[in-house]
Each structure stands twice: as structure tokens, then as C-alpha cells.
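>
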Amino acid sequence: MSMKKREDEVHWLTDEEERAWRAYRRMVIAVQTRTVQDLAAHGLSEPDYEVLSTLSEHPGGTSTLHEQAAKMGWSRSRLSRHATRMEARDLIRRAPDPTDGRGCLLVLTETGRDTLREAAPTHLDSVRRHFVDRLEPEELATLGRIAEKIADEQ
247 MSMKKREDEV HWLTDEEERA WRAYRRMVIA VQTRTVQDLA AHGLSEPDYE VLSTLSEHPG
307 GTSTLHEQAA KMGWSRSRLS RHATRMEARD LIRRAPDPTD GRGCLLVLTE TGRDTLREAA
367 PTHLDSVRRH FVDRLEPEEL ATLGRIAEKI ADEQ
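Structural data, given as C-alpha cells:
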């Protein structure tokens with residue numbers, strides 16, 4: 247197949263589609279960058295906070311590594327390496343998974359729970375300041391519906 251043929255088959259974005267895509271990317275990067283900076287004051291990364299907050303929502307502060315990796319959209323090996331770093335800081339600990347001999351459980355430690363308790367107000371304030379409060383209620387509702395529509399496509 248010639249290069250010319252391939253270029254003709256490309257479904258290029260219209261100017262409006264490209265503008266929307268680039269605006270979306272800038273928005274995600276801006277909000278993420280600002281909230282990450284605010285979490286850094288507590289010595290946490292965004293993935294640290296995600297792991298701590300989701301573990302806190304599970305009974306006993308415990309989840310399987312597999313379930314947590316799926317929730318974050320990470321591979322199990324990537325989360326395992328990250329969990330090793332969090333474990334070294336006593337934010338979580340690993341335990342054998344009694345239902346899966348090859349798997350492990352991630353368990354929120356008291357240090358992790360205390361760290362989350364201290365960081366949560368900062369994180370919530372950051373999300374409000376950099377995202378929620380910048381939108382009108384109807385814009386926020388529309389964006390929520392759009393985000394769910396796109397996320398559900400997967």
C-alpha cells in the first residue's frame with residue numbers, strides 16, 4: 247500500500263474536533279498538575295493517594311492487588327512495584343491472599359490511614375479550587391455525564 251493511499255484513509259480531526267481534544271488534554275494536565283502539587287505537601291503522589299483512598303473504602307482497608315490494579319488501570323507488576331515503595335514508607339502492607347495462592351492483599355496501615363486523614367482535606371480543597379469551583383453546577387453535571395459516557399465505552 248502506498249503512503250498516499252494510507253494518508254487518504256486517515257480520518258483526520260476537524261478543526262473543531264482538534265480544538266476540543268487539545269482543550270480536554272490541557273484541562274486534564276492542568277488539573278492533575280495542580281492537585282499533584284498540593285498532595286506533594288503531604289509527601290504523597292497521586293497514585294499514593296488513589297491507593298490509600300480506595301483501600302480506606304474497603305472493609306478492613308484491604309483489597310487484592312489485582313482489584314486495585316484494575317481500578318487504577320495499571321498492570322499488576324506496575325502496582326506491585328509502587329506498593330513496594332508505599333510499603334517501605336509504612337503506608338500499606340502486603341498479606342497473602344487466602345483465595346489466590348499467587349496473589350496478595352494490600353492492607354492500609356495505621357500510618358497510611360493517618361496520612362490519608364491528614365491529606366484528604368488538602369486534596370478535597372485542591373479538587374474544589376482547581377476543578378469543581380471553576381464550573382457552574384450545570385457545567386459540572388454536563389461534564390460528569392460526558393466523563394461517564396466516555397469511561398463506560400471501555
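When the sequence shown is numbered by our numbering, its final residue is 400 and no position is left out of the sequence of numbers. In this text, a Cβ means the ideal position worked out from N, Cα and C, and glycines have one as well.
In angstroms with no decimal places, state the Cα-to-Cα distance between R391 and P383.
Near 12 Å, if we compare the C-alpha coordinates of P383 and R391.
> Hey, A287 and T368 are a contact pair by Cβ (cut 8 Å); roughly how many whole angstroms apart?
Right, their Cβ atoms sit about 6 Å apart.
> Nearest by alpha-carbon distance to M318: which of S299, T330 and G306 is it?
For M318, the nearest C-alpha among the options comes from S299.
> Roughly how many angstroms separate the alpha carbons of L311 and D379, rounded to a whole number?
When rounded, the distance between both Cα atoms is 34 Å.
> Only counting the same chain, and skipping five residues up and downstream in sequence, which positions put a Cβ closer than 6 Å to that of H257?
Once the five neighbours on either side are set aside, H257 has no close Cβ partner at all.
> List the whole-angstrom C-beta distance separating T355 from D336, where the pair is believed to meet the contact cut-off of C-beta under 8 Å.
The pair is a contact, with the Cβ atoms about 6 Å apart (cut-off 8 Å).
> Take the Cβ of D294 as the centre, count every other Cβ of all protein chains shown within 10 Å, and call the residue buried at 16 or more, exposed below.
Buried, since its Cβ has 16 or more Cβ neighbours within 10 Å.
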